[in-house]
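All the letters of the sequence shown, read from the start, carry residue numbers 221 to 499 under the numbering used here.
Idealized CB from N, CA, C, for every residue including glycine.
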Amino acid sequence: MSDIINSKFGSSCFQLYLDYIHEKTGITIGKSRKTMVASRVRKRARELEISDYNIYLDMVKSDIKEQTLFIDAITTHETYFYRTPDVWQYLSESFVPNYCREHKQRDLKVWSAAASTGEEAYTIAIILSECKRVFPSLNFDILATDISDKVLKKAQGGIYSGHSIEKFRLTKPNLFKCYLKSNGKSQYRVIPELKTKLAFKTHNLFSYPQFEYKFDVIFLRNVLIYFNKEDQEKVLFNIHKCLSPQGILIIGESESLLHTSSSFEYLLPHIYKPIGKSK
Numbered sequence: 221m222s223d224i225i226n227s228k229f230g231s232s233c234f235q236l237y238l239d240y241i242h243e244k245t246g247i248t249i250g251k252s253r254k255t256m257v258a259s260r261v262r263k264r265a266r267e268l269e270i271s272d273y274n275i276y277l278d279m280v281k282s283d284i285k286e287q288t289l290f291i292d293a294i295t296t297h298e299t300y301f302y303r304t305p306d307v308w309q310y311l312s313e314s315f316v317p318n319y320c321r322e323h324k325q326r327d328l329k330v331w332s333a334a335a336s337t338g339e340e341a342y343t344i345a346i347i348l349s350e351c352k353r354v355f356p357s358l359n360f361d362i363l364a365t366d367i368s369d370k371v372l373k374k375a376q377g378g379i380y381s382g383h384s385i386e387k388f389r390l391t392k393p394n395l396f397k398c399y400l401k402s403n404g405k406s407q408y409r410v411i412p413e414l415k416t417k418l419a420f421k422t423h424n425l426f427s428y429p430q431f432e433y434k435f436d437v438i439f440l441r442n443v444l445i446y447f448n449k450e451d452q453e454k455v456l457f458n459i460h461k462c463l464s465p466q467g468i469l470i471i472g473e474s475e476s477l478l479h480t481s482s483s484f485e486y487l488l489p490h491i492y493k494p495i496g497k498s499k
């Protein structure tokens, strides 16, 4: 198909897209990403045989299905199993043992708040399943959410290959073989027993949280870097409301809460605990 778009993706047009993306997702995209945005918009507009960038944006605004497809196309989704090993070590060697001693009758609630294609959520399930071998009384539930329906569908499928699994397969071969099984074509499928521990749900981090319970662990990794300071505060306010008084928040290795006014206290690298919450 030839490139039928005859309008220019100029600065004013680009800004309209940036404003809309921020309005719907909270993501702040820098001016340097103009080529990326234009490329992804152009691809979709060509599929629909739309010849004008502004016309396509009008369609996105008026069609909820197209809005979903647009957000899926723009949002970056790159993750892999067993990312940041020291986080998993702390979870398995410190947090979970303490939790099991103090909360013998309560299930551990974990939220992967920007789950993308599911690698993080399944890693959590693997780590906790291994912890259960040591602490048989441990029961847990994991909620995996994302703003993108597309990536959540992939996460629910639980099929992975390539870079997504490479580090885990090489560094933890025994765990890998236990929880992911080859289904041919260099692909691996998460075992069914692991998938039963996860629930998947579309969720916008800017939406007022309406969950039935507080979470003991919330993963919010490599998300805040896409938001400006004001929007970071909004997201952290919502996260704080969802976290139990003795819970922890885990963020990405390139992120910090020290520059925010949020109600979190530094605990360890990447790990924070809530303040101002009664036990």
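The alpha helix (DSSP H) runs of length 4 or more contained entirely in the region 232-258 do not exist; there are none. Looking at the DSSP output, Trp308 bridges to nothing. Scanning Thr337, Lys281, Glu350 and Met279 for the CA closest to the CA of Glu313 turns up Glu350. The residue among Pro489, Val437 and Val443 with its C-alpha nearest the C-alpha of Trp331 is Val437. Among the bridge pairs identified by DSSP, Arg409 is matched with Ile379 and Lys401. The continuous beta strand (DSSP E) containing Pro494 extends over residues Ile491 to Pro494. Annotated three-state conformation of Lys374 is helix, per DSSP. Thr391 sits in a helix when the DSSP states are folded into three classes. Looking from the CA of Ile362, the closest CA among Phe315, Ser402, Ala419 and Ala375 belongs to Ala419.
Ile344 sits away from Ile294, with the two beta carbons spaced by 9 Å or more. Rounded to the nearest whole angstrom, the C-alpha separation of Phe388 and Tyr408 is 12 Å. For Tyr486, the enclosing beta strand (DSSP E) starts and ends at Phe484 to Leu488. Under DSSP, Ser332 shares a beta bridge with Ala364 and Phe439. When only Cα atoms are considered, Glu386 and Gln287 end up about 33 Å apart.
Trp308 and Tyr302 do touch by the CB rule: their CB atoms are close to 7 Å apart, below 8 Å. The beta-carbon separation of Phe290 and Arg264, rounded to 7 Å, stays under the 8 Å limit for a contact. Residues Gly472 of the same chain have their beta carbon placed closer than 6 Å to that of Asn442, with the five preceding and five following residues left out of the count. Gly404 is positioned such that its CB atom lies no closer than 9 Å to that of Leu372. Taking 9 Å as the cut-off, the beta carbon of Tyr428 is found no closer than this to the beta carbon of Leu414.
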